[in-house]
Amino acid sequence: MKKYKLSEERSVTNTDRFDRDRFLKILDMSKNLQGVVMKGEGELPSFLPLTSDLWASFYKLNPRLKDEGEFDHEYQTNHELLDRVMKDNNFQRFRETTKLDDLSSAIGTMRYSEQIQEWIVEKMEEDEKFKEAMKEWLKQQKELDKAKQKQEEAEENWKKAQENGDKKEKISAKRKKTNADKKVSQAKQAMEEAAQQAQEAMQQQIKKDGQSFSTRMEKAKETTQEQKEDLVGLLGGGAGNGKAELQKIPLNDQLTLANTLYENKNLKRIAEFAGKYKAIAKKKQKVKHQESIDRSGVTFGVDVERLLPQELALLKSEATKTEFLRRYAEGQTMMYAPEGKETLGKGPIVMVLDQSGSMKGDREIQSKGFALALAMIAKKQRHDFAVITFSNTVGKVFYYEKGKITPSQIVELAKYFYSGGTKFSPPLERAKEIIKKKKRYKDADIIFVTDGDPDDRYYLKQESFQQEWKKFKEYKKVSVISLLIGEKDTSYVDLFSDKSILAKDFNSENAHRIFEI
30 MKKYKLSEER
40 SVTNTDRFDR
50 DRFLKILDMS
60 KNLQGVVMKG
70 EGELPSFLPL
80 TSDLWASFYK
90 LNPRLKDEGE
100 FDHEYQTNHE
110 LLDRVMKDNN
120 FQRFRETTKL
130 DDLSSAIGTM
140 RYSEQIQEWI
150 VEKMEEDEKF
160 KEAMKEWLKQ
170 QKELDKAKQK
180 QEEAEENWKK
190 AQENGDKKEK
200 ISAKRKKTNA
210 DKKVSQAKQA
220 MEEAAQQAQE
230 AMQQQIKKDG
240 QSFSTRMEKA
250 KETTQEQKED
260 LVGLLGGGAG
270 NGKAELQKIP
280 LNDQLTLANT
290 LYENKNLKRI
300 AEFAGKYKAI
310 AKKKQKVKHQ
320 ESIDRSGVTF
330 GVDVERLLPQ
340 ELALLKSEAT
350 KTEFLRRYAE
360 GQTMMYAPEG
370 KETLGKGPIV
380 MVLDQSGSMK
390 GDREIQSKGF
400 ALALAMIAKK
410 QRHDFAVITF
420 SNTVGKVFYY
430 EKGKITPSQI
440 VELAKYFYSG
450 GTKFSPPLER
460 AKEIIKKKKR
470 YKDADIIFVT
480 DGDPDDRYYL
490 KQESFQQEWK
500 KFKEYKKVSV
510 ISLLIGEKDT
520 SYVDLFSDKS
530 ILAKDFNSEN
540 AHRIFEI
């Protein structure tokens, strides 16, 4: 990665060393942000400090623009652009979602920087004089950079000559150093003149068409908010705690996934459905939990959600808190007893997911959002979760320990699609194999999701298959619930299922009954 440097005089906002170092660390984490900076520097020489100031304007508690004289004059263009951004009517409201938030600030910086760069290009295409002024500034900045590089080399050679003590070498090195210093001075003057011309041209563009600039900033704001919401939906555990779940993931993983979401439209749609289905699943689980509690039965245990009110009162009192914690550690706290053993939801979950050609499109997108909602349930129940993809054979099998899915695993699941025909027996055999051989999946429940009739229907109807499947379920205490999407009947999934649900699509209330597991 190119080595970037920032200094106080290059900033037009009230950044301190911590702010600038923090931004450079985030820049180092995000290849996408680096790409935005490199692209922007091809149009605007001061683009790097502009992105740093944008980040500070989102992240800091009380950002402000510096007065003239507090920064190098060549950054006046940045001052003009930031002034326009920060004076926007919606800016302060938007900052409520970004201040002291690394991720939101980083996403906002990328989206705003992109829109600023695109606006500059658009104005350059419309106005030849503006284009020439910007190109000349860029040209002179490059000349200055070259001159400074040669100056550094001459300085280094001069120091070596001083150490060696050779008179002729000293004279030669001194002459080259003086010449390099002179060229830097000349190049700097030329660059400052070009920058002045470009800044005046930029001011004219902002005055002439400030509305288009504001429109682009509004678009950047909306895109930033959408990205954050999608991330919360994708990684969070349902409505209400998504942000807390997101904070448990390393920032560099958050940034990587945020940009994958931005670039991959399918993943973005999966995120939208995942957020929706997780919220529904959370409500279903809450209702199920409330209905499963027998208020007349009391037992001992450490399930916080079942603790008796008097136990919770002991926890809140400083006088009895220590005693409560002792009994809780020993499993001697009183809680409501469950109403009885439930048929489903007693262990790990194995989802058998149809990835045949007929699932391509909306059904594929929704089914993966559905899978992420089931993973959330598994995580809440501290149970392992597996997804077996299939068409006419078994595709990739995904394993998620205790329902935990990393950002890279989410992307892997989202991008994978098997396609082909539809056979039920191969994935059922794989599910059976997993439950038999993997200790982690002992007592697992199988959720079978499909939208079609099987090509191996005659095999499924055979007495031998049905008897073998029945023995397996009884011996391993396995329950199977099938979800059939579409207008077909459930006769084929009934052959191996304890419960079959027919739903028009994944958004129907019938489909959401799966979340009661």
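Residue 546 is where the sequence shown ends in the working numbering, and the numbering goes up by one at each step. We treat Cβ as the ideally placed atom computed from N, Cα and C, and that holds for glycine. Given the structure is predicted, the values throughout are model-derived calculations rather than measurements.
- C-alpha of Y428 to C-alpha of I378: approximately 10 Å in a straight line.
- Selection Q438, Y141, L83 and Y104 evaluated against T244 yields Y141 as nearest (Cα-Cα).
- At the C-beta level, K468 and F501 stay beyond 7 Å of one another.
- Nearest in C-alpha terms to M231, of all of M220, Q276, N281 and K160, is K160.
- For A473, the closest alpha carbon among the candidates K248, V381, K212 and D518 is that of V381.
- For M380, the uninterrupted beta strand (DSSP E) run begins and ends at I378 to D383, by DSSP.
- Put simply, of L53, Q410, V426 and K307 the residue whose alpha carbon is nearest the alpha carbon of V333 is Q410.
- With a cutoff of 7 Å on beta-carbon distance, L275 and L264 are scored as near each other.
- For Y521, there is no enclosing alpha helix (DSSP H), as DSSP marks it with neither H nor E.
- Collapsing the DSSP output to three states places G386 in a helix.
- Closest in C-alpha terms to A223, from the list P74, Q240 and L286, comes P74.
- Less than 7 Å divides the Cβ of F544 from the Cβ of A310.
- Taking every protein chain shown into account, the CB of D112 has fewer than 16 other CB atoms within 10 angstroms, so this residue is exposed.
- Within the DSSP secondary-structure output, M364 pairs in a beta bridge with T328 and L336.
- F477 is bridged by DSSP to V381 and S511.
- In this chain, the beta strand (DSSP E) harbouring F419 covers F414 to F419.
- DSSP places Y357 in the helix class (H, G or I) of the three-state scheme.
- For the options K60, V66 and T479, the alpha carbon positioned closest to that of N421 is the one of T479.
- Closest in alpha carbon position to N293, among N43, Q256 and G360, is Q256.
- Here the C-alpha atom of K466 lies approximately 46 Å from the C-alpha atom of L56.
- Excluding sequence positions up to five before and after W498, its CB lies within less than 6 Å of the CB of F525, all in the same chain and listed in chain order.
- Between the alpha carbons of Q63 and Y504 lies a distance of about 57 Å.
- E103 has its alpha-carbon roughly 28 Å from the corresponding atom of N118.
- Cβ-Cβ distances below 7 Å link E430 to D413 in the same chain, with the five nearest sequence neighbours on each side left out; the list follows chain order.
- Membership of S75 in any beta strand (DSSP E) is not indicated, and neither H nor E is assigned to it by DSSP.
- Counted as a single uninterrupted DSSP element, the stretch harbouring F453 is not any alpha helix (DSSP H), since DSSP gives it neither H nor E.
- Every alpha helix (DSSP H) stretch that sits fully inside the region 156 to 220 and reaches 4 residues is listed by chain position as 157 to 193.
- Around the CB of V423, 16 or more other CB atoms lie within 10 Å, so the residue is classed as buried.
- For F427, the enclosing beta strand (DSSP E) covers residues V423 to Y429.
- Excluding the 5 residues flanking it on each side, A249 has same chain C-beta neighbours closer than 6 Å at R140, Y141 and Q144, in chain order.
- For F535, same chain residues with a beta-carbon under 8 Å away, outside a window of 5 residues either side, are F302, Y306, R392, Q395, S396, G398, F399 and I514 in chain order.
- Scanning its chain for C-beta atoms nearer than 7 Å, with the 5 sequence neighbours on each side dropped, one finds around L94 the residues V41, T42, H108, L111, D112 and M115, in chain order.
- In the DSSP annotation of this structure, the continuous segment of the beta strand (DSSP E) that includes S529 starts and ends at K528 to A532.
- Taking 8 Å as the upper bound for CB-CB distance, K179 and A202 are not in contact here, some 13 Å apart.
- DSSP, read as helix, strand or coil, puts T351 in helix.
- The Cβ atoms of P483 and F453 lie closer than 7 Å to each other.
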